[in-house]
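Student: Handing you a structure now.
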Amino acid sequence: MLDFPRWKTLGISLILLAGILFSIPSFLPTKAFESLPGFAQIKVNLGLDLAGGSHLLLEADVADLQKTQLANMEKTVRTAMRGERGADDDIAIGELSNAGGKISFLVRDQTKLDAARERLFAETQGAGLTGQRDWNIDVVDTTRIVLTPTRAGQAQAVSRAMDTARDIIDRRVNALGTREPTIIRQGSDRIVVQVPGLQDPKALKDLIGKTARLEFRMVDANADPNEAMQGRVPVGSEIVPYAKGEGGGAPFEVLSRQVMISGEQLIDARQSYDPQSNQPVVTIRFDAAGSSTFARVTAQNVGKRFAMVLDGQVLSAPSINEPILGGSAQISGSFSVASANALAISLRSGALPVKMTVVEERTVTPELGADSIEKGVIAGIIATVAVLVLMLVVYGRFGVYANIALIFNVFLIIATMAAFNATLTLPGIAGFVLTIGAAVDANVLINERLREELKRGRRPFQAVELGYTEASRAIFDANVTNVIAAALMFWFGSGPIKGFAVVLTIGIVTSVFTAVTVTRMFVAHWLRAKRPTAIHI
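Residue numbers for the sequence shown follow this note's numbering, beginning at 3 and rising by one.
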């Protein structure tokens with residue numbers, strides 16, 4: 003236990019030195035921190051309750067999600083009716099409609115009605131363990147199949163969409179360069195977003211509010227413009243308005259409802275500039291399947307027009323002069339650099355599966371957190387000084403070693419939190435102060451064990467050896483139970499509770515290291531250097 007070779011001493015010293023160096027940036031003012039090299043720009047992030055920031059409560063548009071659900075099922079029906087073994091296996095259908103919140107279509111060959119139902123049966127089976135169906139399948143007028151969404155299926159679709167939306171919002175917010183946002187679900191159709199340090203929530207709202215649903219669809223050349231002005235379009239098509247400032251005066255386009263390629267097949271989106279006009283644009287790149295589909299569709303429709311549709315609005319509808327190969331395209335419009343970059347972030351992070359509306363907005367000023375930080379610092383200083391004085395008075399030299407280890411422990415906690423980009427909240431300050439107060443528990447156990455061994459007549463070396471060996475068992479057992487409690491708080495808690503658990507866990511690990519390993523190194527070197535015949539503790 004008291005054998006400390008040079009490599010071990012060097013290793014412990016390097017860890018302590020790294021703790022000091024990596025904790026320093028957290029204490030620097032903003033300008034000094036930004037002047038540091040990139041690898042050194044790590045520090046403890048302050049939570050919303052300390053640094054201020056923006057709080058948004060988002061609510062999902064369930065009606066829009068149900069509309070999307072109908073559109074997806076319409077595509078599923080078309081795909082299911084196509085045979086896997088070629089045209090001979092196809093089931094001819096007609097009058098496909100999604101009016102009234104239902105999917106309805108006609109099976110032209112009545113002898114294939116049962117086959118059509120069998121194909122749809124597998125597509126509409128719910129994903130849950132209960133086996134409930136997402137859609138009910140009914141036959142009307144002997145040849146018409148009607149699919150109606152079930153309540154269980156709709157509830158499951160909302161839950162899946164909200165989980166996906168939460169993950170996408172997290173990616174978008176982090177792409178803004180902010181750190182440690184809190185993004186959690188609230189109820190069945192709401193998401194809470196808290197971003198520390200962001201005082202102007204407008205950019206955040208604009209970014210989150212976009213569904214960034216990108217679609218490439220063919221323009222229906224057979225549609226009569228006069229009929230379209232009155233709201234009448236061919237079956238299988240719909241009227242889609244132009245985005246503000248686009249279209250050159252045209253209010254809308256009549257597009258096929260069938261999407262030839264969607265944003266789900268994107269692998270990258272970047273803000274760039276048009277080489278001819280030098281205007282900001284967004285350059286997108288498709289995956290292998292998307293590239294193949296895009297090339298095939300454009301090759302089959304040379305001379306026709308296709309539209310780029312973003313969030314239900316047409317950005318442009320150019321003609322296809324030649325097949326578009328290479329799997330890349332350019333989205334142009336009335337973009338600024340900021341709006342093009344925001345669109346690229348939205349497309350890159352993925353499309354929100356449901357429209358989100360801001361129903362509550364709060365901005366927390368940093369002045370509110372400044373008072374908490376000041377009081378927390380005062381509490382930490384008082385706790386630290388009280389512990390240092392107590393250990394020095396009660397244990398003398400061994401108290402000095404414990405105090406030095408405690409100071410190193412503070413640096414290690416801050417450095418570890420900075421390395422992991424952890425967020426310090428008001429409960430986290432409480433955990434920090436609690437950790438300082440409890441950091442010397444291990445040294446109290448060790449020192450009291452030393453006293454017992456000395457009273458039994460042990461020699462200094464033997465007393466120290468037994469003191470550290472026997473006390474270490476109780477120390478590790480006690481701290482393992484604390485870590486388990488902190489892990490449970492982190493797993494089941496949210497927000498401030500997680501912050502408390504993180505700081506507590508880091509403090510437990512570092513305090514055991516400094517209180518046991520570091521102080522043992524100090525004692526071992528002192529014993530070897532001085533060879534005392536008696537120890538006073």
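Heads up, the beta-carbon is just placed ideally off N, CA and C, and yes, glycines get one too.
These numbers come from a predicted model, not from an experiment.
(1) What residue range does the beta strand (DSSP E) around Val284 cover?
(2) How many whole angstroms separate the CB atoms of Phe288 and Gln267, which I take to be in contact at a CB cut-off of 8 Å?
(3) Just the C-alpha distance for Leu394 and Phe400, rounded to the nearest angstrom, thanks.
(4) In whole angstroms, give me the CA-to-CA distance for Gly164 and Ala517.
(5) Can you tell me which of Asp479, Glu376, Leu312, Arg475 puts its alpha carbon nearest to the alpha carbon of Lys357?
(6) What's the gap between the Cα of Leu392 and the Cα of Tyr470?
(7) The alpha helix (DSSP H) spanning Thr145 covers which residue range?
(8) Can the beta-carbon of Leu414 be found closer than 8 Å to that of Val389?
(9) From Ala385 to Gly155, what distance separates their C-alpha atoms?
(10) Here's a check: name, in chain order, each residue in its chain whose Cβ is nearer than 6 Å to the Cβ of Met220, leaving out the five neighbours to either side.
(11) Taking the straight line between their C-alpha atoms, what separation do you get for Ser321 and Gly305?
(12) Let me know if Asp191 comes out buried or exposed under the rule of 16 or more other beta-carbons within 10 Å of its beta-carbon.
(13) Quick check: the stretch 372 to 381 against the stretch 284 to 298, are at least 3 beta-carbon pairs closer than 8 Å?
(14) For Arg453 versus Ile539, is the C-beta distance shorter than 8 Å?
(15) Less than 8 Å between the beta carbons of Val543 and Pro183, yes or no?
(16) What is the rounded straight-line gap between the Cα of Gly249 and the Cα of Ser318?
(17) By Cβ distance, which residues of its chain are closer than 8 Å to Gly96, with the 5 residues on each side in sequence left out?
(18) Can you tell me the Cα-Cα spacing of Glu161 and Val64, whole angstroms?
(19) For Asn449, count neighbouring C-beta atoms within 10 Å of its own C-beta (all shown protein chains included) and say buried if the count is 16 or more, exposed if not.
(20) Could you pull out every residue in the same chain whose Cβ sits closer than 7 Å to the Cβ of Gly133, ignoring the five residues on either side in sequence?
(21) Does the Cβ-Cβ distance between Val485 and Thr507 come in under 8 Å?
(22) Going straight from the alpha carbon of Leu345 to that of Asn445, what length do you get?
(23) Expressed to the nearest angstrom, what Euclidean distance is found between the alpha-carbon atoms of Gly130 and Ala159?
(24) For the structure I just gave you, are there three or more beta carbon pairs, one from the stretch 323 to 343 and one from the stretch 29 to 41, closer than 8 Å?
(25) On a Cα-Cα basis, can you pick out the residue from Ala404, Val466, Ile347, Met491 that is closest to Gly521?
(26) Does the beta-carbon distance from Ala473 to Val435 come in below 8 Å?
(27) Measuring only the C-alpha atoms, how far is Ile241 from Leu60?
(28) Among Thr367, Val366, Pro277, which one has its Cα closest to the Cα of Gln332?
(29) Put Gln71 into one of helix, strand or coil per three-state DSSP.
(30) Do Ala117 and Ile147 have their C-beta atoms closer together than 8 Å?
(31) Give the C-beta separation of Val46 and Ala432 to the nearest angstrom, bearing in mind that I take them to be a contact with Cβ-Cβ under 8 Å.
(32) Go through its chain and collect everything with a Cβ distance to Thr166's Cβ below 7 Å, but skip five positions before and after it.
(33) Once you ignore the five residues that flank Ile263 on each side, which residues in its own chain have a CB closer than 8 Å to its CB?
(34) Buried or exposed for Asp51, going by 16 or more other Cβ atoms inside 10 Å?
(35) Using the rule of at least 16 other Cβ atoms within 10 Å of the residue's Cβ for burial, across every protein chain shown, is Lys500 buried or exposed?
(36) At what residue ranges does the stretch 156 to 241 contain a whole run of the beta strand (DSSP E), taking only runs of 3 or more?
Tutor: By the coordinates alone:
(1) Segment 282 to 288, the beta strand (DSSP E) holding Val284.
(2) The beta carbons of Phe288 and Gln267 sit about 5 Å from each other, so the pair counts as a contact at 8 Å.
(3) Approximately 8 Å, taken between the alpha carbons.
(4) Looking at the sequence provided, one finds Met at residue 164 rather than Gly. Spanning the alpha carbons of Met164 and Ala517 requires a straight line of approximately 46 Å.
(5) When only C-alpha atoms are compared, the closest one is Leu312.
(6) Approximately 21 Å between the Cα atoms of the pair.
(7) Note, Thr145: premise wrong, no alpha helix (DSSP H); not H, not E.
(8) Contact flag unset, no.
(9) Taking the straight line from one Cα to the other gives about 56 Å.
(10) Only Ser258, Phe308 meet the Cβ criterion.
(11) Cα to Cα, Ser321 sits roughly 6 Å from Gly305.
(12) Flag for Asp191 reads buried.
(13) In this structure the stretch 284 to 298 does not touch the stretch 372 to 381; the number of beta carbon pairs closer than 8 Å is below three.
(14) Taking 8 Å as the Cβ cut-off, Arg453 and Ile539 qualify as a contacting pair.
(15) This structure cannot settle anything about residue 543, because the visible part of the chain is limited to 3 through 539.
(16) So the two alpha carbons sit approximately 7 Å from each other.
(17) Counting only residues of its own chain and dropping the five nearest sequence neighbours on each side, Gly96 has a CB closer than 8 Å to the CB of Phe107, Leu108, Arg110.
(18) The sequence as given places Ser at residue 161; Glu does not occur at that position. If you draw a straight line from the Cα of Ser161 to the Cα of Val64, it is about 11 Å long.
(19) Asn449 is buried by the Cβ-count criterion.
(20) Reliability of the predicted coordinates at Gly133 is poor, the pLDDT of 49 falling under 50, and the value obtained from them is presented with this limitation in mind. Closer than 7 Å at the Cβ level, and outside the excluded window around Gly133, lies no residue.
(21) Yes, the Cβ-Cβ distance between Val485 and Thr507 is below 8 Å.
(22) In a straight line, the C-alpha of Leu345 is about 56 Å away from that of Asn445.
(23) Its pLDDT being 42, under 50, Gly130 is placed unreliably in this model, and the value from its coordinates should be taken loosely. In a straight line, the C-alpha of Gly130 is about 11 Å away from that of Ala159.
(24) With the cut-off at 8 Å, the stretch 323 to 343 and the stretch 29 to 41 do not touch.
(25) The sequence shown places Thr at residue 521, not Gly. Among Ala404, Val466, Ile347, Met491, the Cα nearest to that of Thr521 is on Ala404.
(26) Against a cut-off of 8 Å, the Cβ pair of Val435 and Ala473 comes out as no contact.
(27) Each residue's CA atom was taken as its position, placing Ile241 and Leu60 some 29 Å apart.
(28) Relative to the Cα of Gln332, the nearest Cα in the group Thr367, Val366, Pro277 belongs to Pro277.
(29) Correct three-state label for Gln71: helix.
(30) It is not a contact, given that the beta carbons lie outside the stated cut-off.
(31) Rounded, the Cβ-Cβ distance is 15 Å, inconsistent with contact.
(32) The residues are Pro355.
(33) The answer, listed in chain order, is Glu217, Phe218, Phe288, Gly292, Thr295, Phe296, Val299.
(34) Classified as buried, Asp51 has 16 or more neighbouring CB atoms from the shown chains inside 10 Å of its CB.
(35) In the assembly as shown, Lys500 is a buried residue. Its beta-carbon has 16 or more other beta-carbons within 10 Å.
(36) If we require 3 residues or more, the beta strand (DSSP E) runs fully inside the stretch 156 to 241 come out as 184 to 188, 192 to 198, 216 to 221.
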